[in-house]
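Student: Take 1 as the starting number for the sequence shown in the UniProt record's numbering and just add one per residue. Before we start, here is the structure in question, set down as structure tokens.
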Amino acid sequence: MLLVFLSVILGILAFPPFGLYPLGLIFLVPFFIFLIREKKLFKLLWGTFIFKFLLSLGAAFFAFEPFIFFFSILVFLVLPLSIFFIKRGLNLRTSVVLILILLPFLWILGEHLQARYSLLPTYLITAGNIFGSSPFLGLAGVGGLTGLTFFAVLVNTLIAVVVLQFQSLGSRTSRNYAILGGSTSLILIIIFGSYLISQIQLQKNEILYQKLPAEVNIALLSNNEQFDQEFNIFKNDAFPPEEKIRAEIIINNLLEPIKTELVDKQIDLLILPEDMIDIESWKDIDEEAKSKFKIENAGILIKAYRRLAEELNANLAATLTTVQNNKRYNSTILFSRQGELADIYNKSNLTILGEYWPFGNWRPFYYTLIQKIAPDKIGQGGAVFNKEYAYQPGQEKILRTENLIFGSAICSEIQYPWQIQRFKKMGAKFISHTATNRWLVLGSKNFRELTNNLRKIEAVWLQLPILINGRQEMAGVITPDGKMDLVNFENGDKNFRIFTGEIRTN
């Protein structure tokens, strides 16, 4: 088990916030040696469980939830089970050789199943995501996150071969020396060759991106938790007439400095953060929203955002909770320059706990305890405690107005690379990722660094710019060559900050 703990330590150091990415090329070596040497099924399963649990806890402590972590790791156990059955069916020498050959593929299978089919996506802590801020980032251009993971696991596997051969040099056969020398040379060739391929791919992406003919002037707004705190005076979102008037005044006061900052700029698209003004305004109907998209709430927000789009002469995307046919959705509404509602996207991949809870009235025992001790820290108003707050999944689609065609990845949806890829296949020319990070109690910086790694990988892979903004989130752009241009959401007394710039599209 010492080998397992050594891999955990090296892995935690490789991931942000430490970000020692070279360790990503060796952190799996001790664990792989453990998998090859261990013969008992229980120890293989237990060692793998301990490895994944501690690594997940160390790299993604900000999202720790015992039940979800446990379920996620169970999915990954396909790896040790496969290795055990290979050992059972073959003799020792043959099984070791076959395991070493199959390890990169078995690892990718296990990580993919875990990331794709767990209750929460775990792409942020896959082996390939370590290299999102490394010179090897360009490898994403020829394989995305899977390509980076294969590179990392292949190098780790070959180093494990070297270690095993070195340990067997007691026999000092020419065959062992040949394997040792060949493996070492192959490792160096792969690392150096991968570096060259990466740099060539990044340069290629940069050249192709700069050749794109269309320029889109963008404004991306991020805000902090204090931005809309004035709404705390209201008991709930069922505003009676006198409260509705007061809410409208507060909204106008919040939007006025935004308009002042942007009024002299020629903006093609302004993107507001998810839940920028976190009210739902129940049974408050805007007639256009009702007739076009069957929206039955948030009328005062929709009217305010419509005016802002008109006054700035800019297309505007706002992400908020909508009620359509008595069902709740997390929606991005796209307004035209004239203030018309041009399009809508309803979040299709929901987040467990806050947006949906698939287990009915059952909850892990500790949720009842948490609800009593600190109801404001987890799940308050969320689906895990209140069925009426559950959201419905929408259909994947892209947003269109004028020459703007883009995919809106809402909050955790950026953590599903296959969804971002489908946006591109649908015709998206860029990706907007807006999020609210207010759920984070600890580790917000760590979470943003992991997410930035994944966003850079997706931008390089799909050769699309990714626009970033949100609540307690940076604002800016990641271009297809992996470069980031971001501003901090903290901005003194203003409680918001706006990134302005341009992106290129075809």
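We put the CB at the ideal spot given by N, CA and C, even for glycine.
For P273 versus N325, is the C-beta distance shorter than 9 Å?
Tutor: no
Student: If I'm right that L119 touches P80 with Cβ under 8 Å, what's the distance once you round it to whole angstroms?
Tutor: Incorrect: roughly 21 Å between the Cβ atoms, too far for contact.
Student: Can you list, in chain order, the stretches of the beta strand (DSSP E) that have 3 or more residues and sit fully within the region 453-500?
Tutor: 466-471, 475-478, 484-487
Student: If you count every other CB in all the chains shown that lies within 10 Å of the CB of G379, and 16 or more means buried, which is it?
Tutor: Legend: pLDDT at G379 = 46, less than 50; position of this residue unreliable, no value from coordinates given.
Student: Beta strand (DSSP E) containing I352: first to last residue?
Tutor: Where I352 is concerned, there is no enclosing beta strand (DSSP E), because DSSP gives it neither an H nor an E.
Student: Rounded to whole angstroms, what's the CA-CA distance from A214 to N506? Just pull it up for me.
Tutor: 6 Å
Student: Let me know if E242 comes out buried or exposed under the rule of 16 or more other beta-carbons within 10 Å of its beta-carbon.
Tutor: exposed
Student: Starting from the N-terminal side, write out each stretch of the beta strand (DSSP E) that is 3 residues or longer and does not extend beyond the region 370-418.
Tutor: 399-401, 404-410
Student: Which term fits R93, buried or exposed, when burial requires 16 or more other beta carbons within 10 angstroms of its beta carbon?
Tutor: exposed
Student: Hey, L212 and R504: beta-carbon distance below 9 Å or not?
Tutor: For the 9 Å CB-CB criterion, L212 and R504 form a contact.
Student: Would you call I245 buried or exposed, if buried means 16 or more other Cβ atoms sit within 10 Å of its Cβ?
Tutor: exposed
Student: Closest by CA to S72, which one among K87, T48, R88?
Tutor: T48
Student: Taking the beta carbon of M1 as the centre, do at least 16 other beta carbons fall within 10 Å, making it buried, or is it exposed?
Tutor: Taking a 10 Å sphere around the C-beta of M1, we find fewer than 16 other C-beta atoms and assign the residue as exposed.
Student: Using 8 Å for Cβ pairs, my map puts E280 next to R438. What's the rounded Cβ distance?
Tutor: About 16 Å separates the two Cβ atoms, so there is no contact after all.
Student: What do you get for P22, buried or exposed, if any count of 16 or more other CB atoms within 10 angstroms of its CB means buried?
Tutor: exposed
Student: How would you call T434, buried or exposed, if buried means at least 16 neighbouring beta carbons within 10 angstroms?
Tutor: buried
Student: Under 8 Å by Cβ, that's how I've got G299 and I285 pegged, so tell me the actual separation to the nearest angstrom.
Tutor: Contact holds; Cβ gap of about 5 Å.
Student: Just to confirm the assignment, what range does the beta strand (DSSP E) spanning K327 have?
Tutor: 327-335
Student: Which two residues bound the contiguous alpha helix (DSSP H) that contains T94?
Tutor: 92-117
Student: Counting pairs of Cβ atoms below 8 Å between the region 438-449 and the region 11-28, do you hit three or more?
Tutor: yes
Student: So, helix, strand or coil for F5, using DSSP?
Tutor: helix
Student: Please state the DSSP three-state secondary structure of S432.
Tutor: Three-state DSSP puts S432 in a strand.
Student: Kindly indicate which residue of I108, I125, L103 has the alpha-carbon position closest to the one of F53.
Tutor: I125
Student: Three or more C-beta pairs under 8 Å: does that hold for the region 157-168 against the region 24-32?
Tutor: Proximity of the region 157-168 to the region 24-32 meets the contact definition, three or more beta-carbon pairs being nearer than 8 Å.
Student: Anyone know if the C-beta pair for D275 and I250 falls short of 9 Å?
Tutor: No, they are not a contact pair.
Student: Counting along the chain, where does the alpha helix (DSSP H) carrying S82 start and finish?
Tutor: 78-89
Student: Just to confirm my understanding: we take S183, look at its own chain, exclude 5 residues before and 5 after, and list those with CB closer than 7 Å. What are they?
Tutor: L158, V161, V162, Q165
Student: How many angstroms separate the CA atom of K290 from the CA atom of G354?
Tutor: When rounded, the distance between both Cα atoms is 26 Å.
Student: Measure the alpha-carbon distance for N313 versus D268 and round it to whole angstroms.
Tutor: 8 Å
Student: Tell me which residue opens and which closes the alpha helix (DSSP H) that D146 is part of.
Tutor: Checking the sequence, you will find Thr at residue 146 rather than Asp. According to the DSSP assignment, T146 belongs to the alpha helix (DSSP H) that extends over 144-167.
Student: Would you call the region 398-408 and the region 423-431 in contact, with 3 or more CB pairs under 8 Å?
Tutor: yes
Student: Is N453 near S133, with beta carbons less than 9 Å apart?
Tutor: yes
Student: Classify N252 as helix, strand or coil using the three-state DSSP reduction.
Tutor: helix
Student: Starting from the N-terminal side, write out each stretch of the beta strand (DSSP E) that is 3 residues or longer and does not extend beyond the region 182-217.
Tutor: none
Student: Evaluate contact between the region 319-338 and the region 360-368, counting only Cβ atoms and requiring at least three cross-stretch pairs below 8 Å.
Tutor: no
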